[in-house]
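Chemist: Starting off with a structure, shown below.
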Amino acid sequence: MTTISNEKTAIIRTERGLTIAGTRITIYDIMDYVTAQYPPKFIRGLFDLTEAQINAALAYIEQNRADVEAEYQMVLKEAEELRLYYEEKNRDLIARIAAQPPKPGTEAIRAKLQAAKAKLKSQP
């Protein structure tokens, strides 16, 4: 396990927020998986982190849980606002693309996609 002094230098603040030093991976990226209760080994493999990096990130999250959680909620809120903004801005383009006839030979995959979408919508 890394020491506290090493953990502080392993997690830095950049224009993207709290980031694992030497990477572009933010603590908020890690929080998505911590919140979903993925095991550390899986998260480490997913982001191709060293054991020291994942340990430092998880230790930082644990030691600063309230602050990290508050920032994480802000990041989620901003991401949702951006998604809604671009969805509204591109509504006409999305509608035009959706109205185009399917390319020949893609009927089966489109039917499978529509079935999957319908299944997702029917779930509570």
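Going by my numbering, the letters in the sequence shown line up with residues 36 to 159, in that order. Glycine included, each C-beta is placed from N, C-alpha and C at the ideal position.
1. Would you please state the rounded distance, in angstroms, between the beta carbons of residue 55 and residue 92? I believe it to be under 8 angstroms.
2. Within 10 angstroms of its Cβ, does residue 44 collect 16 or more other Cβ (buried), or is it exposed?
3. For residue 49, name the three-state secondary structure that DSSP assigns.
4. Three or more C-beta pairs closer than 8 angstroms, one from the region 118-135 and one from the region 92-101: is that the case here?
5. Is it a yes or a no for the region 126-143 touching the region 78-93, going by three-plus beta-carbon pairs under 8 angstroms?
6. Give every residue of the same chain whose Cβ lies closer than 7 angstroms to the Cβ of residue 126, excluding the five residues on either side of it in the sequence, and list them in chain order.
7. Which of the three DSSP states is assigned to residue 89 in this structure?
8. Helix, strand or coil: how does DSSP classify residue 58 here?
9. Which stretch, first to last residue, makes up the alpha helix (DSSP H) that contains residue 75?
10. For residue 136, I'd like the list of residues in its chain whose CB is within less than 8 angstroms of its CB, leaving aside the five on either flank, ordered along the chain.
11. Taking C-beta to C-beta, are residue 46 and residue 65 nearer than 8 angstroms?
12. Is residue 143 a contact residue of the ligand SAH, with contact defined as CB to any heavy atom under 7 angstroms?
Modeler: In short, the structure shows the following:
1. 6 angstroms
2. With a 10 Å radius around the Cβ and a threshold of 16 neighbouring Cβ atoms, residue 44 comes out exposed.
3. strand
4. no
5. no
6. none
7. helix
8. coil
9. 75-82
10. none
11. Not closer than 8 angstroms, so no.
12. Among the ligands in the structure shown, none appear at all, so the ligand SAH cannot be discussed.
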